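Residue numbers for the sequence shown follow this note's numbering, so the first one is 3 and each next one is one higher.
Where a beta carbon is used, it is the ideal one built from N, C-alpha and C, also for glycine.
Bear in mind that the values here come from a model prediction, so they are computed numbers and not experimental data.
Below is one structure; the comments refer to it alone.
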Amino acid sequence: MKNSLRALALTVFTLGVAQAQNTPSSPLGSDLSVRANFSWASKNVARGKERSSDEGLFQSQLTLEYAVPTIIGTSVYFSGYSADSFEKVYGAGVRRSMECGTLDIGYQHTKANNHFVNTNGVAGYTLAPSDNEYYIGLVLSKDVFLRPSAYLFYSDELRQYNFVVSARKDFDGSDIGLSAINIVTKLYAGSIYASDSNWDTANSYLYAGASADFIYAISPSASVGTGLNFAYNNDNAADTKGGVFWYRFFANFRF
C-alpha cells in the first residue's frame, strides 16, 4: 500500500507540474538549468548488486548546472540525491566540452540516513555511515552506433576504485509501433577493486548490466517513463551474488 500511494503521488505530481509548465512563466537565466528526477525502483541496486533486502525504493534528485560565461564550453553543477530512508548524496563538479567529448570531474559525499551500517560480510549488503568519493569521466561525442563513456571513481572510506565503461543508444519508438515513445538503452561493465578499507572487509568484483527506458514526453520540459533493468556480479556474497532484475517508474523535469 505504501509503495502504491507513492507511485500515485508521483503520477499526480508529474501531471501537475507539466500542466503548470504549459502556462507562461518567467524562464530561468539562459546560463542556469535545473533538472529534477523522481523515481520508484522495485529493488535497491547499484554497481551490479543489491544494497539492501528491502523491496521498493523511492528516489529523488535535483541538479543545478551553470554555464560559465567567461569560459566557453565549461559548466559547474551541484546536485542533491535522496534514497528514501537509505542515504543522501551531495555532489559538485565541473564539465568541459572538448572536440572529442565532455570531460566530467567531480566529488560526492554520501551519508547514511540511519545509524545501522550494512557490512560486506556473508549477506553482501553494504552501506557505509558516510563516504567521500571523487571521480573523473569522459563521454565521447562521436556516435557511430553507441555513445560510449568511461568513468573512474575513488572512495575515501572504502579505499575502493571503481572503473566503469558504458554505451548508450536512443531509438524512436515509432519504429517498432510505440508512437510518441523514446527508447533509451544502455550497456555497462565495471570493475571494483579495494586492497584495504577503513570500516569493512576490502572487496573486489566485476559487474555488468543493461537497461531499457521507455519515455513519454508530456511537454518540452517534462517526461515520464518506465524502465527494465538487469545486473550481474561475480562477488561471492551469499545474498547479492549473481544476477538481479528490477523495474522502475520515473518522472523527469528540466527548467
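Under DSSP, S193 takes part in a beta bridge, and its partners are F165 and L208.
With respect to S81, T104 sits apart: the two C-beta atoms are not nearer than 7 Å.
S157 carries a strand assignment under DSSP once its states are collapsed to helix, strand and coil. Restricting attention to S168, R53, P131 and D158, the CA atom closest to the CA of G139 is found in S168. In the structure shown, I73 adopts coil according to DSSP, grouped into three states. Looking at I178, D177, S151 and S176, the one whose alpha-carbon comes closest to that of V166 is S151. In the structure shown, S176 adopts helical secondary structure according to DSSP, grouped into three states.
With fewer than 16 neighbouring CB atoms inside 10 Å of its own CB, S206 falls in the exposed class. Per DSSP, E101 lies in no beta strand (DSSP E) and is assigned neither H nor E. By the 16-neighbour rule on beta-carbons within 10 angstroms, N116 is exposed.
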